[in-house]
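Count the sequence shown with mature numbering (1 follows the signal peptide of the UniProt record, and there is no 0) and you get residues -18 to -1, 1 to 60, in order.
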Amino acid sequence: MSGLFVLLLACAASIAAASGEDYCPGIQCPAVVYRLYPSTVSECWYCVCYWGKLTPTKCDPGTGYDPTKLECTPNDNC
């Protein structure tokens, strides 16, 4: 369990270090994890609900967020 907590901290730190901090609207959200449409800042990011707050999350390298499929799909721009 502690390993997972450390992993979450590392993930949070990497997200905070990225320039996408203000990318998700600062609204409360349900406890369930869900994705929202990304802003126009970058199609390489999407918003996920963690602990009741929307958090910017980056797609894997070489993929971009597809709002029609609500997932990251292959994309050369990222």
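Even for Gly, the Cβ is constructed at its ideal location relative to N, Cα and C.
**Message:** Can you tell me whether residue -2 is buried or exposed? The criterion is at least 16 other CB atoms within 10 Å of its CB, across all chains shown.
**Reply:** With a pLDDT of 42 at residue -2, under the threshold of 50, the modelled position of that residue is not reliable, and no figure is offered here.
**Residue interval of the beta strand (DSSP E) (run including residue 36)** = 35 to 40
**Request:** Say whether chain B places a C-beta atom closer than 8 Å to the C-beta of residue 56.
**Result:** No chain B appears in this structure, which consists of one protein chain only.
**Prompt:** Leaving out five residues before and five after residue 22 in sequence, what residues of the same chain have Cβ atoms less than 8 Å from its Cβ?
**Reply:** The pLDDT assigned to residue 22 is 46, lower than 50, so where the model puts this residue is not dependable; a value taken from the coordinates is nonetheless given after this. Taking residue 22 as the centre and dropping the five residues before and after it, the same chain places no C-beta closer than 8 Å to its C-beta.
**Message:** Only counting the same chain, and skipping five residues up and downstream in sequence, which positions put a Cβ closer than 6 Å to that of residue 57?
**Reply:** Once the five neighbours on either side are set aside, the close Cβ partners of residue 57 are 45, 46.
**Item:** Collapsed DSSP secondary structure at residue 58 in the structure displayed
**Value:** coil
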